[in-house]
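Chains as they are written, first to last, in our numbering: chain A, 2 to 163; chain B, 2 to 163; chain C, 2 to 163; chain D, 2 to 163. Even for Gly, the Cβ is constructed at its ideal location relative to N, Cα and C. Notes for the one structure printed next.
Number of protein chains: 4
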Amino acid sequence: MKIKIFVTGGTFDKEYNELNGELFFKDTHLSEILALGRSRIPVDIRTLMMIDSLKMTDNDRNTIAQNCIQVPEEKIVITHGTDTMVETATVLASQIKNKTIVITGAMIPYKFGSSDGLFNLGSALAFVQTLPVGIYIAMNGRYFNWDNVRKNKELGEFVTLK
Amino acid sequence: MKIKIFVTGGTFDKEYNELNGELFFKDTHLSEILALGRSRIPVDIRTLMMIDSLKMTDNDRNTIAQNCIQVPEEKIVITHGTDTMVETATVLASQIKNKTIVITGAMIPYKFGSSDGLFNLGSALAFVQTLPVGIYIAMNGRYFNWDNVRKNKELGEFVTLK
Amino acid sequence: MKIKIFVTGGTFDKEYNELNGELFFKDTHLSEILALGRSRIPVDIRTLMMIDSLKMTDNDRNTIAQNCIQVPEEKIVITHGTDTMVETATVLASQIKNKTIVITGAMIPYKFGSSDGLFNLGSALAFVQTLPVGIYIAMNGRYFNWDNVRKNKELGEFVTLK
Amino acid sequence: MKIKIFVTGGTFDKEYNELNGELFFKDTHLSEILALGRSRIPVDIRTLMMIDSLKMTDNDRNTIAQNCIQVPEEKIVITHGTDTMVETATVLASQIKNKTIVITGAMIPYKFGSSDGLFNLGSALAFVQTLPVGIYIAMNGRYFNWDNVRKNKELGEFVTLK
Chain A
2 MKIKIFVTGG TFDKEYNELN GELFFKDTHL SEILALGRSR IPVDIRTLMM
52 IDSLKMTDND RNTIAQNCIQ VPEEKIVITH GTDTMVETAT VLASQIKNKT
102 IVITGAMIPY KFGSSDGLFN LGSALAFVQT LPVGIYIAMN GRYFNWDNVR
152 KNKELGEFVT LK
Chain B
2 MKIKIFVTGG TFDKEYNELN GELFFKDTHL SEILALGRSR IPVDIRTLMM
52 IDSLKMTDND RNTIAQNCIQ VPEEKIVITH GTDTMVETAT VLASQIKNKT
102 IVITGAMIPY KFGSSDGLFN LGSALAFVQT LPVGIYIAMN GRYFNWDNVR
152 KNKELGEFVT LK
Chain C
2 MKIKIFVTGG TFDKEYNELN GELFFKDTHL SEILALGRSR IPVDIRTLMM
52 IDSLKMTDND RNTIAQNCIQ VPEEKIVITH GTDTMVETAT VLASQIKNKT
102 IVITGAMIPY KFGSSDGLFN LGSALAFVQT LPVGIYIAMN GRYFNWDNVR
152 KNKELGEFVT LK
Chain D
2 MKIKIFVTGG TFDKEYNELN GELFFKDTHL SEILALGRSR IPVDIRTLMM
52 IDSLKMTDND RNTIAQNCIQ VPEEKIVITH GTDTMVETAT VLASQIKNKT
102 IVITGAMIPY KFGSSDGLFN LGSALAFVQT LPVGIYIAMN GRYFNWDNVR
152 KNKELGEFVT LK
């Protein structure tokens, strides 16, 4: 059972540009993170985009959905900026009914050394292997159904709606 | 649903003693690791022992089993040295039939900065929330049933028996 | 021989705000960095300001100079953003003729885990102990006289003028 | 002015073998550490041995001394285990009268992420550029003349004899 990993950017993959002091995207660190975790699950990683999720358009979300539909894998992890994870999950839920899709991300860039990304990726890969068909967000050690989650932006954490 | 975490030592919690150049145990880093992962799952951490799993006796394994039986929690994560995880899982399986118990550990001490521990703990906490009653080992991004796993000591990774 | 350390901000002390994704200043990490380096040199650390050096005004530079003049210590290290180190060194050189002052900084924030800050602070403290009276910049493992240095902004490194 | 760096092993370059849980030497990390520090000083790195300094013999010390004598560089940094730095410095002082040689090391392996090695190397490179001819130990942010230093093994730090 191979797991598909779609990379879309987000804090997870941000880096610090030491020449101008700004954060930017270069390449994804997913392979490096999986190697650090000594992961031996068969995965296939594909970068769909490298953007801040606040800049993600409806078009981008449809691109993600189309890719989820077209690949043969039935278990998919998506790395994504945390700010609009719920919007993307909602688009996916409206179009995909037969796959287990887990969206995850990070509050701190992986490259900054004290990131939650390694923990989140470990949990997302575990959830995608064990949860039934559906669209989920995995953050803060928990999983949330796509229609029962929001990001509390003051606390920087995900909570259920009810 | 609170998750019980039992700490038994292992590479996970080893530290470097800069005065004599040896590895040793001081305190567990579990709370620190969970904070780094921004975990918001209710957990209760209890240190049962702080030992290298090669030094774990039958008596120690019975102590772990008794603790698993006595606590009210039905979902338990155990941090453990990797060398004898399978032996402990076997003892637990013989005595406990009504709980989900996931044993995890690390190949590199958490304090050494490039540890697989954060990834493994993320996956173990996810597996314990989603797997049915049973005794499991969570390593290398996967979960293994207690009776279908061994550590390949040449590669330093866990594989199924068949 | 106590060394005075004046903190003015700069990349050295920047942190990542995980709630809004921006870099900001909270407190200086100087004590933490010195502890990590197992430094046993007597130092006295004082934060004069916590700003990006591109925002440093003539007034700020005079504040730094006045502080350098007023303290009894004859050996002073200043942590500073790299972009305008040379301007500050020039102001100090015009006002101070009897102290050894070494300005240093970092290209990567200390908190990001792969910073040059620890290396630079080690070299700045060594240079201030051994160089004669004068105003210097310590970066890239070297020291530069205040009137023979510029930052090559394309490469992010300091070079002599001639 | 090129600086010669001789690598002899010591805690600086120790790594953790995740298969057997022991510390060992593979390759030196000097180039990596200098890159992290954005060092631009011309250096030439040569590994003479990779050993724990408690295992260093008179023969090994003579090898180090011979190499110091034979190279054209007049400024030399030696990375070395901390336990017998003083013995090596004494051998060098008896044979070499015309070079500046700075011996440094680390209490924590560089690979463990929270090492003093980066700080120490920064200070050693600065001291070797600025100190007069002589044999020195650079640790704890300070430099020590070879004949006025000992390691306080209880505290893990270097102090003067008087």
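Reference MET50(D); option with closest CA among TRP147(D), ILE79(D), ILE42(D)
Start at 1 with the first residue of the fourth sequence, and residue 50(D) comes out as number 49. Nearest Cα to MET50(D) within the set TRP147(D), ILE79(D), ILE42(D): ILE79(D).
Under three-state DSSP, which class holds GLY157(C)?
One-based indexing of the third sequence puts residue 157(C) at position 156. Coil at GLY157(C), not helix or strand.
Cα separation between LYS15(A) and LYS112(A)?
Translated into positions along the first sequence, residue 15(A) becomes position 14. Translated into positions along the first sequence, residue 112(A) becomes position 111. Cα to Cα, LYS15(A) sits roughly 7 Å from LYS112(A).
Less than 8 Å between the C-beta atoms of VAL92(B) and ARG62(B), yes or no?
To locate residue 92(B), count along the second sequence from 1; it is residue 91. To locate residue 62(B), count along the second sequence from 1; it is residue 61. Against a cut-off of 8 Å, the Cβ pair of ARG62(B) and VAL92(B) comes out as a contact.
Less than 7 Å between C-beta atoms, sequence neighbours within five positions excluded: which residues of the same chain meet that for THR161(D)?
As a position in the fourth sequence, residue 161(D) is number 160, starting the count at 1. If we look at THR161(D) and ignore the five residues flanking it on each side, its Cβ neighbours are PHE145, ASN149, VAL150.
Identify whether GLU19(A) lies in helix, strand or coil by the three-state DSSP scheme.
The residue given as residue 19(A) occupies position 18 in the first sequence. For GLU19(A), the three-state secondary structure derived from DSSP is coil.
Neighbour list for SER115(D) in chain B, Cβ cutoff strictly below 8 Å:
For the purposes of this step, residue 115(D) is taken as the residue at position 114 of the fourth sequence. In chain order: LYS112, GLY114.
Can you tell me where the beta strand (DSSP E) with GLY10(A) in it begins and where it stops?
Here residue 10(A) refers to the residue found at position 9 of the first sequence. GLY10(A) -> beta strand (DSSP E) spans 4-10.
Would you check if there are 3 or more beta carbon pairs closer than 8 Å linking the segment 5-13 of chain A to the segment 120-134 of chain B?
Flag = no, the segment 5-13 of chain A and the segment 120-134 of chain B do not touch.
Does chain A have any CB closer than 8 Å to the CB of SER135(B)?
As a working mapping, residue 135(B) is identified with position 134 in the second sequence. The sequence shown places Gly at residue 135(B), not Ser. By this cut-off, GLY135(B) is not an interface position.
Would ARG62(B) count as contacting chain A if we go by Cβ distances under 8 Å?
Taking the first residue of the second sequence as 1, we reach residue 62(B) at position 61. No - not a single Cβ of chain A is within 8 Å of the one on ARG62(B).
Quick one: does ILE109(D) have its CB under 8 Å from some CB of chain B?
Stepping through the fourth sequence from its first residue, residue 109(D) is reached at position 108. ILE109(D) counts as touching chain B.
Can you tell me whether DSSP reads MET51(C) as helix, strand or coil?
Here residue 51(C) refers to the residue found at position 50 of the third sequence. DSSP, read as helix, strand or coil, puts MET51(C) in strand.
Do LEU122(B) and ILE34(B) have their C-beta atoms within less than 8 Å of each other?
Position 121 of the second sequence, counted from the start, is the residue given in the question as residue 122(B). Position 33 of the second sequence, counted from the start, is the residue given in the question as residue 34(B). Yes, the Cβ-Cβ distance between LEU122(B) and ILE34(B) is below 8 Å.
Distance between GLY38(B) and ASP117(B) (C-alpha atoms, nearest Å):
Walking along the second sequence from the start, residue 117(B) turns up at place 116. Walking along the second sequence from the start, residue 38(B) turns up at place 37. C-alpha of ASP117(B) to C-alpha of GLY38(B): approximately 13 Å in a straight line.
Under 8 Å, do ILE70(D) and ILE102(D) count as touching if we go by C-beta distance?
Counting from one through the fourth sequence, the residue named residue 70(D) turns up at place 69. Counting from one through the fourth sequence, the residue named residue 102(D) turns up at place 101. At the C-beta level, ILE70(D) and ILE102(D) stay beyond 8 Å of one another.
Could you check whether GLY157(A) and MET108(A) sit closer than 8 Å to each other, using their CB atoms as the reference points?
The sequence position of residue 108(A) within the first sequence is 107, counting from 1. The sequence position of residue 157(A) within the first sequence is 156, counting from 1. Less than 8 Å separates the beta-carbon of MET108(A) from that of GLY157(A).
So, using beta-carbon positions, are GLY114(D) and GLY82(D) closer together than 8 Å?
Looking up residue 114(D) in the fourth sequence gives position 113. Looking up residue 82(D) in the fourth sequence gives position 81. No, the pair does not count as a contact, with Cβ atoms beyond the cut-off.
Chain-ordered chain D contacts of LEU20(B) [CB-CB under 9 Å]
For the purposes of this step, residue 20(B) is taken as the residue at position 19 of the second sequence. In chain order: MET108, LYS154, GLU155, LEU156, GLY157.
Closest to GLU75(C) by CA distance: which of PHE128(C), LYS3(C), ASN60(C), SER124(C) is it?
As a first step, residue 75(C) is located in the third sequence; it is residue number 74 there, counting from the start. Among PHE128(C), LYS3(C), ASN60(C), SER124(C), the Cα nearest to that of GLU75(C) belongs to LYS3(C).
Which bits of chain D does TYR17(B) rub up against, with CB to CB less than 8 Å?
For the purposes of this step, residue 17(B) is identified with residue 16 of the second sequence, where counting begins at 1. Counting only Cβ-Cβ distances below 8 Å, TYR17(B) has contacts in chain D at ILE109, PRO110, PHE113, in chain order.
Since ASN63(A) sits in a beta bridge, which residues does DSSP pair it with?
As a first step, residue 63(A) must be located in the first sequence, where it is residue number 62. Note: ASN63(A) sits in no beta bridge, so no partner.
Can you list the residues of chain A that SER124(B) reaches, using a CB-CB cut of under 7 Å?
Counting from one through the second sequence, the residue named residue 124(B) turns up at place 123. Within 7 Å Cβ-Cβ: GLY123, SER124, LEU126, ALA127.
Between VAL72(A) and the rest of its own chain, which residues show a CB-CB distance below 6 Å, the 5 nearest in sequence each way excluded?
In the first sequence, residue 72(A) corresponds to position 71, counting from 1. Correct list, in chain order: LYS5.
If you measure from the beta carbon of PHE120(B) to each beta carbon in chain A, is any gap under 8 Å?
As a position in the second sequence, residue 120(B) is number 119, starting the count at 1. Yes - at least one Cβ of chain A is within 8 Å of the one on PHE120(B).
Which stretch, first to last residue, makes up the alpha helix (DSSP H) that contains ALA125(C)?
As a working note, residue 125(C) is residue 124 in the third sequence. 118-131 is the extent of the alpha helix (DSSP H) around ALA125(C).
Mind reading off the beta-carbon distance from ILE138(D) to ALA94(D)? Whole number of angstroms is fine, and I expect it under 8 Å.
The residue you call residue 138(D) lines up with position 137 of the fourth sequence. The residue you call residue 94(D) lines up with position 93 of the fourth sequence. Contact between ILE138(D) and ALA94(D) is absent: CB atoms are separated by about 11 Å, not below the 8 Å threshold.
Does any CB atom of chain A fall closer than 8 Å to the CB of THR12(C)?
For the purposes of this step, residue 12(C) is taken as the residue at position 11 of the third sequence. Yes, contact with chain A.
Here's the rule I'm using: 16 or more other beta-carbon atoms within 10 Å means buried, otherwise exposed. How should ASP84(C) be labelled?
As a first step, residue 84(C) is located in the third sequence; it is residue number 83 there, counting from the start. Its Cβ being crowded by 16 or more others within 10 Å, ASP84(C) is buried.
Distance between ASP45(D) and ALA127(C) (C-alpha atoms, nearest Å):
Looking up residue 127(C) in the third sequence gives position 126. Looking up residue 45(D) in the fourth sequence gives position 44. So the alpha carbons of these two residues sit roughly 21 Å apart.
Kindly indicate the opening and closing residues of the beta strand (DSSP E) around ILE104(D).
In the fourth sequence, residue 104(D) corresponds to position 103, counting from 1. That run of the beta strand (DSSP E) goes 101-105.
Burial state of PRO43(D), where buried means 16 or more other Cβ atoms lie within 10 Å:
Here the question's residue 43(D) lines up with position 42 in the fourth sequence. PRO43(D) sits exposed, since fewer than 16 C-beta atoms from the chains shown fall within 10 Å of its C-beta.
How many angstroms separate the CA atom of ILE65(C) from the CA atom of LYS56(C)?
For the purposes of this step, residue 65(C) is taken as the residue at position 64 of the third sequence. For the purposes of this step, residue 56(C) is taken as the residue at position 55 of the third sequence. ILE65(C) and LYS56(C) have their C-alpha atoms roughly 14 Å apart.
Rounding to the nearest angstrom, what Cα-Cα distance links ASP28(B) and TYR17(B) in this structure?
For the purposes of this step, residue 28(B) is identified with residue 27 of the second sequence, where counting begins at 1. For the purposes of this step, residue 17(B) is identified with residue 16 of the second sequence, where counting begins at 1. Whole-angstrom Cα-Cα distance: 12 Å.
Please list the partners that ARG39(C) has in chain D, where partner means a Cβ-to-Cβ separation under 7 Å.
For the purposes of this step, residue 39(C) is identified with residue 38 of the third sequence, where counting begins at 1. The contacting residues are MET108, ASP117, ASN141, GLU158.
CB contact check: LEU132(D) to chain C, cutoff 8 Å:
Indexing the fourth sequence from 1 puts residue 132(D) at position 131. By this cut-off, LEU132(D) is an interface position.
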